[in-house]
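To start, the structure itself, in structure tokens.
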Amino acid sequence: MEKDDALKIMMLKAEQQINTIHFLNKSLELSNNEKQELRMQVRIYRLIKLLSLNNDNLILRREKDSLSFQAQQLQNQIDHLQQQDQKIAQTSEKNSSDQQNSKLTPSYLFLQQEYQKVMEDNSQLKIILQELRNSLQSEQLLNQSLKFENEKQMTDIKHYQDIIKYKEKHLLNLELQLKCQQEAYQEQIDSLSSKLFFQKQNLLQQPQFLQDNHPESTLIQQYQEKYELIKLEYEKLLQQLNNEPVNLQQTLVNFNRKGLK
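Numbering-wise, the UniProt record's numbering puts 96 at position 96 of the sequence shown, and it's gapless, one number per residue.
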């Protein structure tokens, strides 16, 4: 009966090891899903940022074009008024030369009044033109500032993308190392379990060798102790991965330092 119970215990332990490996595979699958979600969030953030910056640049460009057009229109009006000023001045000089007894004619007074009005309008247009130029310069400075901010944000996005790529590559290397370590441990566990099984089968067929001081019994005891040691280390690794997934690298380093001899 005790031998049957021991065999049942060995079979239960093997099933537990298989369940543990399945659980670890599910944990790795969850980690891959989280990485894919992080990549998608970065892509969405970058797309939204680019769309926002493009919209801002488009609005500023339209405002700049509008101000430039208004400034050109005002400059044309000023040039036209200056030409009128020159014509009025020439007419005034001609009329003044034709005047007699230094008396101002009604037409000359009218032209002088018109000239004064044109000069006042010209002054106002110059003020408006200067204000528009100042506004245009301010918009240009703001456009340059936004352009610089856009470049800086693009640099930050590229930097974050490089960090994510590096971490993904590093995580893949760690997962590969962990998988290799798990396979190595599982192979040793399976090998020791198989050796224990065959050794016990041999002893069951040869009950005269079951004495405690027999070499076969001592060898089985050694296999049993080594099996329990490997199983304990394997369970510690799984527990660390479940409790502290962030410290995956340190867990793997500590696990490799212990090793199997």
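No residue lacks a Cβ here, since even glycine has one placed at the ideal position from N, Cα and C.
{"Asked": "Inter-residue spacing [alpha-carbon to alpha-carbon] between Glu-37 and Leu-174", "Found": "20 angstroms"}
{"Asked": "Under 7 angstroms between C-beta atoms of Leu-53 and Asn-143", "Found": "no"}
{"Asked": "Close-in-space but distant-in-sequence residues of the same chain around Ile-78 (CB under 8 angstroms, 5 per side omitted)", "Found": "Asn-122, Leu-125, Lys-126, Leu-129"}
{"Asked": "Buried/exposed call for Phe-209, threshold 16 Cβ in 10 Å", "Found": "Bear in mind that the predicted position of Phe-209 carries a pLDDT of just 44, short of 50, making it unreliable; the figure below should be weighed with that in mind. Phe-209 comes out exposed."}
{"Asked": "Assigned exposure category for Gln-182 - 16 Cβ within 10 Å defines buried", "Found": "buried"}
{"Asked": "Contact belief for Leu-141 with Asn-57 at Cβ below 8 angstroms, rounded distance in angstroms", "Found": "Not a contact, Cβ separation roughly 14 angstroms."}
{"Asked": "Rounded separation between Lys-165 and Phe-148 - CA only", "Found": "26 angstroms"}
{"Asked": "Residue from Leu-24, Glu-63, Met-119 with nearest C-alpha to Leu-86", "Found": "It should be pointed out that residue 86 corresponds to Gln in this sequence rather than to Leu. Among Leu-24, Glu-63, Met-119, the Cα nearest to that of Gln-86 belongs to Met-119."}
{"Asked": "Contact under 7 angstroms by Cβ, Ile-163 with Arg-46", "Found": "no"}
{"Asked": "Closest Cα partner of Leu-67 within the set Glu-114, Leu-132, Gln-16", "Found": "Leu-132"}
{"Asked": "Whether Leu-51 touches Ile-88 by CB criterion (7 angstroms)", "Found": "no"}
{"Asked": "For Ala-184 and Gln-17, the rounded distance between their alpha carbons", "Found": "13 angstroms"}
{"Asked": "Exposure label - Leu-232; buried when at least 16 CB within 10 Å", "Found": "exposed"}
{"Asked": "Cα-Cα separation between Ile-59 and His-80, rounded to whole angstroms", "Found": "32 angstroms"}
{"Asked": "Reference Lys-64; option with closest CA among Thr-91, Gln-75, Gln-116, Gln-137", "Found": "Gln-137"}
{"Asked": "Neighbourhood of Ser-135 by C-beta distance below 8 angstroms, restricted to the same chain and skipping five residues each side", "Found": "Leu-67"}
{"Asked": "Neighbourhood of Lys-49 by C-beta distance below 8 angstroms, restricted to the same chain and skipping five residues each side", "Found": "Gln-153, Ile-157"}
{"Asked": "Assumed close pair Gln-186, Ile-9 - CB separation to whole angstroms, cut-off 8 angstroms", "Found": "Going by Cβ atoms, the distance from Gln-186 to Ile-9 rounds to 19 angstroms, so no, they are not a contact pair."}
{"Asked": "Closest residue to Lys-179 among Gln-72, Lys-26, Lys-13 (Cα-Cα distance)", "Found": "Lys-26"}
{"Asked": "Residue environment, Leu-192, which counts as buried when at least 16 other CB atoms sit within 10 Å", "Found": "buried"}
{"Asked": "Inter-residue spacing [alpha-carbon to alpha-carbon] between Lys-13 and Ser-194", "Found": "12 angstroms"}
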